[in-house]
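**Student:**
2 protein chains.
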Amino acid sequence: MLQIALLGFGTVGSGVAEVLTENRDLIRERTGLDLNVKYILDLRQFPDHPLGDRVVHDIDVILSDPEVFLVAEMMGGLHPAYDFSLAALQAGKNVVTSNKAVVAEYGPELLREAEKRGLRYLFEASVGGGIPIIRPLTEQAAGNPITEICGILNGTTNYILTEMFRHGVSFAEALAAAQKLGYAEADPSADIDGLDTCRKICILAAVAFGVLIPYEKVDTVGIRQVTLEDVREAERHGYAVKLIARALKTDGGLYLKVEPMAVRRDNPLHAVEDVYNGILVRGTVSGDLMFFGKGAGKLPTAGAVVSDILDIASRGENQPKQQLFNKDAALYTPVLPEALKEQTLLDLGYPLSCPPVFEK
Amino acid sequence: MLQIALLGFGTVGSGVAEVLTENRDLIRERTGLDLNVKYILDLRQFPDHPLGDRVVHDIDVILSDPEVFLVAEMMGGLHPAYDFSLAALQAGKNVVTSNKAVVAEYGPELLREAEKRGLRYLFEASVGGGIPIIRPLTEQAAGNPITEICGILNGTTNYILTEMFRHGVSFAEALAAAQKLGYAEADPSADIDGLDTCRKICILAAVAFGVLIPYEKVDTVGIRQVTLEDVREAERHGYAVKLIARALKTDGGLYLKVEPMAVRRDNPLHAVEDVYNGILVRGTVSGDLMFFGKGAGKLPTAGAVVSDILDIASRGENQPKQQLFNKDAALYTPVLPEALKEQTLLDLGYPLSCPPVFEK
Numbered sequence: 009m010l011q012i013a014l015l016g017f018g019t020v021g022s023g024v025a026e027v028l029t030e031n032r033d034l035i036r037e038r039t040g041l042d043l044n045v046k047y048i049l050d051l052r053q054f055p056d057h058p059l060g061d062r063v064v065h066d067i068d069v070i071l072s073d074p075e076v077f078l079v080a081e082m083m084g085g086l087h088p089a090y091d092f093s094l095a096a097l098q099a100g101k102n103v104v105t106s107n108k109a110v111v112a113e114y115g116p117e118l119l120r121e122a123e124k125r126g127l128r129y130l131f132e133a134s135v136g137g138g139i140p141i142i143r144p145l146t147e148q149a150a151g152n153p154i155t156e157i158c159g160i161l162n163g164t165t166n167y168i169l170t171e172m173f174r175h176g177v178s179f180a181e182a183l184a185a186a187q188k189l190g191y192a193e194a195d196p197s198a199d200i201d202g203l204d205t206c207r208k209i210c211i212l213a214a215v216a217f218g219v220l221i222p223y224e225k226v227d228t229v230g231i232r233q234v235t236l237e238d239v240r241e242a243e244r245h246g247y248a249v250k251l252i253a254r255a256l257k258t259d260g261g262l263y264l265k266v267e268p269m270a271v272r273r274d275n276p277l278h279a280v281e282d283v284y285n286g287i288l289v290r291g292t293v294s295g296d297l298m299f300f301g302k303g304a305g306k307l308p309t310a311g312a313v314v315s316d317i318l319d320i321a322s323r324g325e326n327q328p329k330q331q332l333f334n335k336d337a338a339l340y341t342p343v344l345p346e347a348l349k350e351q352t353l354l355d356l357g358y359p360l361s362c363p364p365v366f367e368k
Numbered sequence: 009m010l011q012i013a014l015l016g017f018g019t020v021g022s023g024v025a026e027v028l029t030e031n032r033d034l035i036r037e038r039t040g041l042d043l044n045v046k047y048i049l050d051l052r053q054f055p056d057h058p059l060g061d062r063v064v065h066d067i068d069v070i071l072s073d074p075e076v077f078l079v080a081e082m083m084g085g086l087h088p089a090y091d092f093s094l095a096a097l098q099a100g101k102n103v104v105t106s107n108k109a110v111v112a113e114y115g116p117e118l119l120r121e122a123e124k125r126g127l128r129y130l131f132e133a134s135v136g137g138g139i140p141i142i143r144p145l146t147e148q149a150a151g152n153p154i155t156e157i158c159g160i161l162n163g164t165t166n167y168i169l170t171e172m173f174r175h176g177v178s179f180a181e182a183l184a185a186a187q188k189l190g191y192a193e194a195d196p197s198a199d200i201d202g203l204d205t206c207r208k209i210c211i212l213a214a215v216a217f218g219v220l221i222p223y224e225k226v227d228t229v230g231i232r233q234v235t236l237e238d239v240r241e242a243e244r245h246g247y248a249v250k251l252i253a254r255a256l257k258t259d260g261g262l263y264l265k266v267e268p269m270a271v272r273r274d275n276p277l278h279a280v281e282d283v284y285n286g287i288l289v290r291g292t293v294s295g296d297l298m299f300f301g302k303g304a305g306k307l308p309t310a311g312a313v314v315s316d317i318l319d320i321a322s323r324g325e326n327q328p329k330q331q332l333f334n335k336d337a338a339l340y341t342p343v344l345p346e347a348l349k350e351q352t353l354l355d356l357g358y359p360l361s362c363p364p365v366f367e368k
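One line per chain: the protein sequences are A and B, in this order.
If you read the first sequence in the numbering used here, its first letter stands for residue 9, the second for the next number, and so on.
If you read the second sequence in the numbering used here, its first letter stands for residue 9, the second for the next number, and so on.
(1) Excluding the 5 residues flanking A:A96 on each side, which residues of the same chain have their C-beta closer than 6 Å to its C-beta?
(2) Round the Cβ separation of B:D238 and B:L360 to the nearest angstrom and send it over; I've been treating them as touching at under 8 Å.
(3) Counting pairs of beta carbons, one from the region 258-271 of chain B and one from the region 272-283 of chain A, are three or more of them closer than 8 Å?
(4) Taking B:A310 as the query, report the chain A residues whose CB atoms sit under 8 Å from its CB, ordered along the chain.
(5) Is B:P116 close to chain A, meaning its C-beta is less than 7 Å from at least one C-beta of that chain?
(6) Can you list, in chain order, the residues of the region 147-161 of chain B whose Cβ is nearer than 9 Å to any Cβ on chain A?
(7) Does chain A have any CB closer than 7 Å to the CB of B:F300?
(8) List the whole-angstrom C-beta distance separating A:R120 from A:D319, where the pair is believed to meet the contact cut-off of C-beta under 8 Å.
(9) B:Q98: buried (16+ other C-beta within 10 angstroms of its C-beta) or exposed?
(10) Please tell me whether, using a cut-off of 6 Å, the distance from the CB of A:S361 to the nearest non-hydrogen atom of the ligand HEM is below it.
(11) Please name the residue in B:L71, B:E243, B:R207, B:G60 whose C-alpha comes closest to that of B:T228.
(12) Can you tell me the Cα-Cα spacing of B:Q53 and B:V266, whole angstroms?
(13) Output the boundary residues of the beta strand (DSSP E) element that contains A:E121.
(14) Of the choices B:G21, B:I200, B:L51, whose alpha-carbon is the least far from that of B:T164?
(15) From this set, B:N31, B:I35, B:V63, which residue's C-alpha is nearest B:G18's C-alpha?
(16) Cβ closer than 7 Å: which chain B residues qualify as neighbours of A:G40?
(17) What does A:V27 reach in chain B if we use C-beta pairs closer than 9 Å?
(18) When you compare only the Cα positions, how much space is there between B:A216 and B:I141?
(19) For A:N334, is the classification buried or exposed, using 16 other Cβ atoms within 10 angstroms of its Cβ as the cut-off for buried?
(20) Rounded to whole angstroms, what is the Cα-Cα separation between B:V219 and B:N326?
(21) Flag B:S93 as yes if its beta-carbon sits less than 7 Å from any beta-carbon of chain A, otherwise no.
(22) May I ask you to report which of helix, strand or coil DSSP gives A:G202?
(23) Of the residues that make up the region 312-327 of chain A, which ones have a beta carbon closer than 7 Å to any beta carbon in chain B?
(24) Using the rule of at least 16 other Cβ atoms within 10 Å of the residue's Cβ for burial, across every protein chain shown, is A:F366 buried or exposed?
(25) Helix, strand or coil for A:V229? Go by DSSP, reduced to three states.
(26) Based on the DSSP secondary-structure assignment, which residues constitute the bridge partners of A:E81?
(27) What are the residues in the region 268-280 of chain B lying within 9 Å of chain A by C-beta distance?
(28) Which residue comes first and which comes last in the alpha helix (DSSP H) that contains A:L307?
(29) Any beta carbon of chain B sitting closer than 7 Å to that of A:N31?
(30) Can you tell me whether B:P308 is buried or exposed? The criterion is at least 16 other CB atoms within 10 Å of its CB, across all chains shown.
(31) Please give the ranges of any alpha helix (DSSP H) in the region 230-293 of chain B, keeping only runs that are unbroken, at least 4 residues long and fully inside the region.
(32) Distance check for A:R290 and A:R174, CA to CA, integer angstroms please.
(33) Taking 7 Å as the CB-CB limit, is A:L307 close to chain B?
(34) Tell me the DSSP secondary structure of A:Y223 in three-state form.
(35) By Cβ distance below 6 Å, which residues in the same chain neighbour A:L297 in space, the five residues on each side in sequence not counted?
(36) In chain order, which continuous runs of the beta strand (DSSP E) of length 3 or greater are located wholly inside the region 163-192 of chain A?
Below you can see the structure in the form of structure tokens.
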């Protein structure tokens, strides 16, 4: 029996407990692995939860138990999530996380710490919710040099834009609807101003290109300024407005950008609606690939965490070398060379800030 | 240095050699693995090829060399591809393949043989060309019970249907264009009558549900009878005709079907055009996922073979338990229960054989 500990018992944490418990037999049958949640670290008590007796309040209980081979961090926020992750690695435990803030800020340190000890630090759930993207991208990046990534990475903003498109409502009305449904938080700025999307494209670029660009560097435009007229004008010409994140390798460095774009109907990202995410990856060997699915939500995100747990558990003592990435602001370039403009996935449509002149 | 052998040096085999050679440094840097093609089994000689000196004509040279830890079978056809794969496993070598005919026919035996010896038999390239689908589906299936798969799995037929849709040409004209471009073979029946698609959905269903339905059982309709009028009628109402393969788990068994369907514009499969493939997977944890990319072609398919090679190589002596599947014709049900019809991905559109009555 393999013992794991969950850090945080909120939406994702309780989802992971649920997926592991309900699919325990299936997992055993398919992989031969028997996984048990030994501890749950949370400040609260959960007396009525079937796993309520696993709750502890002291990280040291987990760190000092040699039976625990893996810690799943789903606390959110930078601290103490980062500190506990580092301590877990230092205590010889593998770490998986759904925490994009920690990965985008401290990914390089945590990966290096894991590598030093023959452990792994995995973060499938930090981008694209339930979509398997980090693992396929990692695998692709080894034998299939990636040149470009382009995607819709935030469900909240995509829901708002879809509402505007579909029901002809204003940005403010669509945001209110998203908040009512729980898709947007009371303070929605991290989503609608593009920060969440920006962190995610930085993580994807790091996996693909081996360099983590600090997210503050990246030119990021959110959807606050998108008007119903923008959406309607795009629609009249067969486009749909999406918040698009891009990362390209150029001779001058990595070009990353987050901005609203009008996407052509014949591009697969056009059909990515509501809270779904879609990610296009261009590789020199594979050509264009797209990954699509629910970008958020309790179970999809929990499923991604579980897929990391299964990956590590299935490899036992033999964890493979993991690709490291360094944080390097100097490799960021804010300019896309003219020559690249035509050849790239940019031809999916036009930036909302720079519409073409349509014939009347 | 890890020594591998390629069986077959046609399109895919030479593509694998190319990907491994050109990305040798990248692979070493990213994974720490140094892979070398020691032998290439082919009846021909390739005196001008840089790897021409690796060509052998006798499988026993490969089987009796203890340095070879992995054999990549890309011969096509059932025999001797199956026989050599079995012999390689019996000689203690892992096997990866791009050969969907062998997997759809002999997958269960080869998987069992591999399992018996702590080896693996992988077949990422047998479905969806360069799209990573078998590995994500395998991983998903453990912690995320799959209920349904639905996809466009054959590039040739999708190219023909796209041509009809886009240029208003007849089936015969579109087929001729596909043949001219090398997308369709001189005898195109395996593609256009749906056999290729059928084998692929059987493999996907086996991975997802653990049971291989013999492909001869599956109700399969190709695109030979699709008329330009069908395509135009669908288009008038916002649909596009695609050859759709489906696999669903029902109380009565596995329902598999291959048939032309009109797909609604708001479904992500609608945008899958030309030689691209798209695969929708519905899981109880993940919700709907889609995988999209080039379904065929030298480099994409070779890339999928290489991803299997890297998977096995990265795990060294510690190959994990692989999910087996049995061939079981009795578990096939040709009938989809009424109650399931509304809830499934079938609501993506209508079967061409059974169009709705549209208002004029």
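The beta-carbon is built from N, C-alpha and C at its ideal position, and this holds for glycine as well.
**Tutor:** With the given structure in hand:
(1) If we look at A:A96 and ignore the five residues flanking it on each side, its Cβ neighbours are V79, V103.
(2) Contact annotation, B:D238 with B:L360: C-beta distance approximately 6 Å; criterion of less than 8 Å satisfied.
(3) Under the Cβ criterion (8 Å, minimum of three pairs), the region 258-271 of chain B does not count as touching the region 272-283 of chain A.
(4) What B:A310 touches in chain A: V293.
(5) It does not; no Cβ of chain A falls within 7 Å.
(6) Within the region 147-161 of chain B, the residues whose Cβ lies closer than 9 Å to some Cβ of chain A are E147, Q148, A149, A150, G151, N152, P153, listed in chain order.
(7) Put simply, the CB of B:F300 is near chain A, with a gap under 7 Å to one of its CB atoms.
(8) Contact between A:R120 and A:D319 does not hold, since their C-beta atoms are separated by about 20 Å, which reaches or exceeds 8 Å.
(9) Note on B:Q98: under 16 other CB atoms within 10 angstroms of its CB, so exposed under the neighbour-count rule.
(10) Among the ligands in the structure shown, none appear at all, so the ligand HEM cannot be discussed.
(11) Per the Cα distances, B:R207.
(12) In this structure, the CA atom of B:Q53 is about 40 Å from the CA atom of B:V266.
(13) A:E121 -> not in any beta strand (DSSP E); alpha helix (DSSP H) instead, spanning 108-124.
(14) When each option's Cα is compared against that of B:T164, the closest is B:I200.
(15) Of the candidates B:N31, B:I35, B:V63, the one whose C-alpha sits nearest the C-alpha of B:G18 is B:V63.
(16) Going along chain B in sequence order, the residues near A:G40 (Cβ under 7 Å) are K329.
(17) Going along chain B in sequence order, the residues near A:V27 (Cβ under 9 Å) are G151, N152, V293.
(18) Straight-line Cα distance between these residues: approximately 11 Å.
(19) Exposed, by the Cβ-count rule.
(20) Rounded to whole angstroms, the gap between the alpha carbons of B:V219 and B:N326 is 26 Å.
(21) Not one chain A Cβ lies under 7 Å of B:S93.
(22) A:G202: coil per DSSP, three-state reduction.
(23) For the region 312-327 of chain A, the set of residues with a beta-carbon nearer than 7 Å to any beta-carbon of chain B comprises V314, S315, L318, S322, R323, G324, N326, in chain order.
(24) An exposed status is given to A:F366, since fewer than 16 other beta-carbon atoms sit within 10 Å of its beta-carbon.
(25) The answer is coil: DSSP assigns A:V229 none of H, G, I, E or B.
(26) A:L15, A:T105.
(27) Within the region 268-280 of chain B, the residues whose Cβ lies closer than 9 Å to some Cβ of chain A are R273, D274, N275, P276, L277, H278, A279, V280, listed in chain order.
(28) Here the alpha helix (DSSP H) through A:L307 covers 306-323.
(29) Residue-level contact check: A:N31 touches chain B, since one or more beta carbons of chain B fall below 7 Å from its beta carbon.
(30) Within 10 angstroms of the beta-carbon of B:P308 lie 16 or more other beta-carbons, which makes it buried.
(31) Look at the region 230-293 of chain B and you find these whole runs of alpha helix (DSSP H), each 4 residues long or longer: 236-244.
(32) The C-alpha of A:R174 lies about 30 Å from the C-alpha of A:R290.
(33) Closer than 7 Å to some Cβ of chain B, the Cβ of A:L307 qualifies, so yes.
(34) It is helical.
(35) Shown here for A:L297: same chain residues with a beta carbon closer than 6 Å to its own, the five before and five after excluded, namely V289 in chain order.
(36) Counting only unbroken stretches of 3 or more residues, no beta strand (DSSP E) element lies wholly within the region 163-192 of chain A.
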